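Notes for the one structure printed next.
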Amino acid sequence: MDGIGVRGLRLKLGLTQVQFAECLGVSQSLICDVENGRRNVSPNLRVRIALECGAGEDVIETLARAKASSKLVF
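Taking numbering that gives the first Met the number 0, the leading residue of the sequence shown gets 0, the next gets one more, and so forth.
Below, the structure is given as structure tokens:
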């Protein structure tokens, strides 16, 4: 997930940066920086986003392993 994906998800949820940041327990400036490509989406933030959107930690772990697999291309 990159900044464009974060922005798209936030907009799909109908949230402002402030609201999204509050849901995730991070600052609005972090969300802004991620969306504008100034900061990367950390693994911790990725998990927080997934949990906020209804995915369990097991799903996140499975996706991370799949992405790390040399047999799959994302």
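Here a beta-carbon is modelled for each residue, glycine too, at the ideal position from N, C-alpha and C. Everything numeric in this text was worked out from a predicted model, so none of it was measured.
What first and last residue would you give for the alpha helix (DSSP H) that runs through residue i?
i          : result
residue 28 : 27-34
residue 39 : Looking at the DSSP string, residue 39 is not in any alpha helix (DSSP H), and its letter there is neither H nor E.
residue 2  : 2-11
Beta-carbon within less than 8 Å of residue i's beta-carbon, same chain only, minus the 5 sequence neighbours each way: which residues are those?
i          : result
residue 33 : 2, 5, 39, 40, 44
residue 36 : 1, 2
residue 26 : 20
For residue i, count neighbouring C-beta atoms within 10 Å of its own C-beta (all shown protein chains included) and say buried if the count is 16 or more, exposed if not.
i          : result
residue 73 : The predicted model places residue 73 with a pLDDT of 47, which falls under 50 and marks its position as unreliable, so this point remains unresolved.
Please state whether the Cβ-Cβ distance between residue i and residue j is less than 8 Å.
i          : j          : result
residue 51 : residue 10 : no
residue 31 : residue 18 : no
residue 20 : residue 29 : yes
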